[in-house]
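**Q** One structure, as structure tokens, below. Some questions next.
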Amino acid sequence: MSIRKTPLLVSCTDSSFSQGPRLLSPPFPRFSTDGRSQINTNLTSGQKISSLLQITSVIQLGHRAFVIQGRCDYEARLTESPYLDALTCFVLSETTNPKEQLEKAYLSYRQTDDVFCDAFLTHVLLISDGSVVDEPILDLLASWGCLTVFQLPITEKVPPGPYFFSICGLYSAWRLFPDDKEAFVSSTIPTQGDPYTYENLNAAAFGASSLCIAVPSRLKTAKSEQKPLAGMRIAIKDLFHLKGVHTGCGNRAYRSLHGALGASSSAIESVLRLGGIIVGKTKTVEFGGSQEVIGDWCDYLYPFNSRGDGYISATGSSTGSASSLAAYPWLDITLGTDAGGSIRDPAVAHGIYGFRPSHNGQQAHDVVIPCGIFHIPGFLGRSSSTMLEFGRCWLQTPSNDYHLRPKRVIFPKEYYSDHKGVQNIADAWVSSLTAWLKAERFDVSIEEVWSATKPASACKGFFETFNKTFIDLIYSEFWNYLSDFREDYKTRFNANPYVCKVTQYIWEQGQALSDTRKGEALGEVSMHNDWFLGHLLSDDQTILIVPRYKLDYRDEYLPAPELRSFEGFDSNLHASLSGVPNMTVPVGQCTFRSEISGKEEHFPVSLSIFAPKGKDIGLLNLVHDYLIANSLPTSVLTGCTAFSVA
């Protein structure tokens, strides 16, 4: 006959309990008989920690690794032991049927939080009114393997979730995940004294050769009107500034020139104010420019694309932001920047959602983005609902722009896909959307519309007229915008900074570009915008859709930059020049014969949807509503396929 041990009930009435970090001696290591290795320091219990010393401790529970910061988050003296142990906090706010409430909370923890695991149930802290811990609850906790139950009154504000505890107090558990796709350039965690100031996380686990990223429990933060993004895990492209952390811009010379930042970019400040957590900075090509294959990357390793055979090109300058989302289910949203497709192209290659917002052509001064006439912050995600949730909060557009139900859907012939499978998926999706909207579909030729309506000053075809417009302005702005960097680096180090060969070529072209040609290119931007907004995306009742896919390999050999063609006009540039919102939507996948695995693999298929300027939330709403109404997938998977394979 088996005998179940009843957990020891400990009532805690310590009046010294308080929230917030307190500087005490660190907890000690313990190597328990169940194989859970815990932290290691050489300090004795009487010693104090120097104010200059920062301690970050890595703890392993089974196959999972966690990190705690140097100071306790809550001064609850539940034990006299200097050793760390795992604990779960449950908040029982109702007095009726507390056992059922506890059971529901446990199931919810397991389903919604990837930081919590049953190893944290060895000790349980109940925040309650003091009268709920009866025999049925003790039996329930015993069935979970609980040895000790601590109880605090409901007035104590300890959030639910997993913790580590010792004589020092309660430490929030942050779970560590390895960045095996090389998507991140740094792992970040908020400082304990200021949630708006961050620091690099100096922690590793699993014997990983790459970074480890720490994520907080999803149970600790509740969304509110003031904090609608509370607990959302967000990674940011390394062109944004994050207070307390370096900005590297994908270039080691730039990073060596600048210290940790004293303020965050306004786009990041907004995320933090809304409750988001920045878990790391993702890799970018140098200064958001162009590095398409592994041979173009010198300072950092090119991130991997999880889709297909794992060696499809990650493409685009927001490559780390896309790579991380396609690989890691523990990440919710990433921020990137987009000039000519730096969010949209990686979104296509990785089969995720990407959003380039409306833009007025004004330079953002607190982000390192050359060519502000085109370059703008945007975001990526794996689900239409998360994209909509984040967009509503972060974009802060007027509420009257939330509605978009167009009556005309334009599907330009010049942008039909050269891949039959991609075109078939796109054609069916556009027809279905048009029918759902009770709208009219127009398969138009851009060249034919241009020929019939172009301004009198234009004597060439559409694509020839705008062939060099975008790239010439990129050349000019990259050279001029980064002049301070070149001068400051040479002053400090008495040497020129290293940049990759593509950036060097862009600088050379920008230096040689005349003011006359720059003026002509700016005039071409105005010409394009007047025509595009006057004859294609001409009112609030029209959207334009283009099929997209990417199927290049990361290890392809490209010609030297001076032998490549950077000219041309692709569909992305309609939004880049005119400032209309543009959303990349994953809609399916096709098969290809892999050169790597030697078998059939899948690559994602996307649609690029352009909406009237200012209708950003309307576009996000439209996509989400259509997917829901037609029982289509509203999210994509992580890993080798974006959608399930039968």
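Residue numbering for the sequence shown follows UniProt numbering, starting at 1 and increasing by one per position.
Ideal Cβ placement from N, Cα and C applies to all residues, glycine included.
Quantities reported herein were computed from a predicted structural model and do not represent experimental measurements.
Pull up the distance between the alpha-carbon of Thr634 and that of Leu607, whole angstroms please.
**A** For the purposes of this step, residue 634 is identified with residue 634 of the sequence shown, where counting begins at 1. For the purposes of this step, residue 607 is identified with residue 607 of the sequence shown, where counting begins at 1. Spanning the two alpha carbons is a distance of roughly 14 angstroms.
**Q** Distance, Cα to Cα, Val279 vs Glu389?
**A** Here residue 279 refers to the residue found at position 279 of the sequence shown. Here residue 389 refers to the residue found at position 389 of the sequence shown. When rounded, the distance between both Cα atoms is 19 angstroms.
**Q** Considering Cα atoms alone, identify which of Glu562, Cys500, Phe566 is closest to Asp296.
**A** Counting from one through the sequence shown, the residue named residue 296 turns up at place 296. Nearest of Glu562, Cys500, Phe566 to Asp296, Cα basis: Cys500.
**Q** Assuming the contact rule is C-beta atoms closer than 8 angstroms, Ile333 and Met232 should be a hit. Round their C-beta distance to whole Å, please.
**A** Numbered from its first residue, the sequence shown carries residue 333 at position 333. Numbered from its first residue, the sequence shown carries residue 232 at position 232. Confirmed, Cβ separation roughly 6 angstroms.
**Q** Would you report the Cα separation of Arg548 and Leu335, rounded to the nearest angstrom?
**A** Numbered from 1 along the sequence shown, position 548 holds the residue referred to as residue 548. Numbered from 1 along the sequence shown, position 335 holds the residue referred to as residue 335. Each residue's Cα considered, the two are about 21 angstroms apart.
**Q** Rounded to a whole number of angstroms, what is the C-alpha to C-alpha distance between Arg252 and Arg175?
**A** By one-based count along the sequence shown, residue 252 stands at place 252. By one-based count along the sequence shown, residue 175 stands at place 175. Cα to Cα, Arg252 sits roughly 29 angstroms from Arg175.
**Q** Is DSSP giving Cys117 helix, strand or coil here?
**A** Residue numbering aside, residue 117 sits at position 117 when the sequence shown is read from its first letter. Cys117: coil per DSSP, three-state reduction.
**Q** From this set, Lys407, Glu524, Ser417, which residue's C-alpha is nearest Lys460's C-alpha?
**A** If you number the sequence shown from 1, residue 460 lands on position 460. Taking only the C-alpha atoms, the option nearest Lys460 is Glu524.
**Q** Quick one: what's got a C-beta closer than 7 angstroms to Tyr626's C-beta in the same chain, skipping five residues either side?
**A** Numbered from its first residue, the sequence shown carries residue 626 at position 626. Closer than 7 angstroms at the Cβ level, and outside the excluded window around Tyr626, lie Leu433, Trp436.
**Q** Taking a contact to mean a Cβ-Cβ separation below 8 angstroms, would you say residue 651 touches Leu87 in this structure?
**A** It is not possible to answer for residue 651, since the shown part of the chain is limited to 1 through 646.
**Q** Would you mind reading off the limits of the alpha helix (DSSP H) that contains Gln200?
**A** Position 200 of the sequence shown holds residue 200. In the sequence as displayed, the identity of residue 200 is Asn instead of Gln. Here Asn200 belongs to no alpha helix (DSSP H); instead the beta strand (DSSP E) covers 198-200.
**Q** If we require 3 or more residues per run, which beta strand (DSSP E) segments fall completely within the region 196-258?
**A** DSSP runs (the beta strand (DSSP E)) wholly in the region 196-258: 198-200, 212-216, 233-237.
**Q** Using the Cβ count rule (16 or more neighbours within 10 Å means buried), how would you classify Gly639?
**A** The residue labelled residue 639 in the question sits at position 639 within the sequence shown. Exposed, because fewer than 16 other Cβ atoms sit within 10 Å of the Cβ of Gly639.
**Q** Output the boundary residues of the beta strand (DSSP E) element that contains Ser608.
**A** Your numbering for residue 608 matches position 608 in the sequence shown. Run containing Ser608: 600-610, per the beta strand (DSSP E) assignment.
**Q** For Ile617, which three-state DSSP category applies?
**A** Reading the sequence shown from its first residue, position 617 is the one you call residue 617. If DSSP states are grouped into helix, strand and coil, Ile617 belongs with the helices.
**Q** Tell whether a beta-carbon distance below 8 angstroms holds between Pro370 and Leu482.
**A** Here residue 370 refers to the residue found at position 370 of the sequence shown. Here residue 482 refers to the residue found at position 482 of the sequence shown. Yes; because the gap between Cβ atoms is below 8 angstroms, this pair is in contact.
**Q** Quick check on the burial criterion: 16 or more other C-beta atoms within 10 angstroms. Buried or exposed for Arg593?
**A** Position 593 of the sequence shown holds residue 593. Arg593 comes out exposed.
**Q** Opposite Met583 in the DSSP bridges: which residues?
**A** Taking the sequence shown and counting its residues from 1, one reaches residue 583 at position 583. Paired residues: Phe355, Ile609.
**Q** Measure the alpha-carbon distance for Ala204 versus Asp366 and round it to whole angstroms.
**A** To locate residue 204, count along the sequence shown from 1; it is residue 204. To locate residue 366, count along the sequence shown from 1; it is residue 366. Ala204 and Asp366: Cα-Cα distance of roughly 31 angstroms.
**Q** Mapping the DSSP letters down to three states, classify Gly340 as helix, strand or coil.
**A** By one-based count along the sequence shown, residue 340 stands at place 340. The answer is coil: DSSP assigns Gly340 none of H, G, I, E or B.
**Q** According to DSSP, is Thr56 part of a helix, a strand, or is it coil?
**A** Locating residue 56 in the sequence shown gives position 56, counting from the first residue. Three-state DSSP puts Thr56 in a strand.
**Q** With distances taken Cα to Cα, identify the nearest neighbour of Tyr557 among Ile234, Glu292, Met583, Ser143.
**A** Start at 1 with the first residue of the sequence shown, and residue 557 comes out as number 557. If we check each option's Cα against that of Tyr557, Glu292 comes out closest.
**Q** Ignore the nearest five residues each way along the sequence and tell me which others in Lys615's own chain have a CB closer than 6 angstroms to its CB.
**A** Your numbering for residue 615 matches position 615 in the sequence shown. Counting only Cβ-Cβ distances below 6 angstroms, and skipping sequence neighbours, we find Asp401, Leu404.
**Q** On the criterion of 16 or more Cβ atoms from any shown chain inside 10 Å, does Arg218 qualify as buried, or is it exposed?
**A** If you number the sequence shown from 1, residue 218 lands on position 218. Buried: at least 16 other Cβ atoms inside 10 Å.
**Q** Taking the alpha helix (DSSP H) that Gln541 falls in, what are its first and last residues?
**A** If you number the sequence shown from 1, residue 541 lands on position 541. Segment: none, Gln541 is in no alpha helix (DSSP H) and carries neither H nor E.
**Q** With contact counted as at least three CB pairs below 8 angstroms, one residue from each stretch, are the region 303-318 and the region 499-517 in contact?
**A** Contact between the region 303-318 and the region 499-517 is absent, because fewer than three Cβ pairs lie under 8 angstroms.
**Q** Using C-beta distances below 6 angstroms, list every residue in its chain close to Thr542, excluding the 5 sequence neighbours before and after it, in chain order.
**A** Walking along the sequence shown from the start, residue 542 turns up at place 542. Within the same chain, Thr542 has close Cβ partners Pro406, Arg408.
**Q** Could you pull out every residue in the same chain whose Cβ sits closer than 8 angstroms to the Cβ of Leu242, ignoring the five residues on either side in sequence?
**A** As a position in the sequence shown, residue 242 is number 242, starting the count at 1. Hits under 8 angstroms: Thr188, Tyr198, Ile236, Leu261, Ser264, Ser265, Ile268, Ile278, Lys281.
**Q** Under 8 angstroms, do Phe603 and Leu637 count as touching if we go by C-beta distance?
**A** For the purposes of this step, residue 603 is taken as residue 603 along the sequence shown, with counting starting at 1. For the purposes of this step, residue 637 is taken as residue 637 along the sequence shown, with counting starting at 1. Result no, Cβ atoms of Phe603 and Leu637 do not sit closer than 8 angstroms.
**Q** Using the Cβ count rule (16 or more neighbours within 10 Å means buried), how would you classify Ser209?
**A** Numbered from 1 along the sequence shown, position 209 holds the residue referred to as residue 209. Ser209 comes out exposed.
**Q** Residue ranges of each alpha helix (DSSP H) run of no fewer than 4 residues wholly in the region 360-397, ordered along the chain?
**A** With a minimum length of 4 residues, the continuous alpha helix (DSSP H) runs that stay inside the region 360-397 are 384-394.
**Q** Tell me the rounded alpha-carbon separation between Ala611 and Val158.
**A** Position 611 of the sequence shown, counting from 1, holds the residue named residue 611. Position 158 of the sequence shown, counting from 1, holds the residue named residue 158. Going from the Cα of Ala611 to the Cα of Val158 covers about 45 angstroms.
**Q** Alpha carbon to alpha carbon, what distance is there between Pro136 and Gly161?
**A** Locating residue 161 in the sequence shown gives position 161, where the first residue counts as 1. Locating residue 136 in the sequence shown gives position 136, where the first residue counts as 1. If you take the alpha carbons of Gly161 and Pro136, they lie about 22 angstroms apart.
**Q** Can you give the Cα-Cα distance for residue 726 and Gly510, rounded to whole angstroms?
**A** A question about residue 726 goes unanswered here, because the residues of the chain that appear run from 1 up to 646.
**Q** Check whether the region 469-477 touches the region 441-449, counting contact only when three or more Cβ pairs, one atom from each stretch, lie closer than 8 angstroms.
**A** No contact exists between the region 469-477 and the region 441-449.
**Q** Within a Cβ cutoff of 6 angstroms, which residues of the same chain sit near Leu121, ignoring the five residues on either side of it in sequence?
**A** Here residue 121 refers to the residue found at position 121 when the sequence shown is read from its first residue. Hits under 6 angstroms: Thr88, Trp144, Gly145, Cys146.
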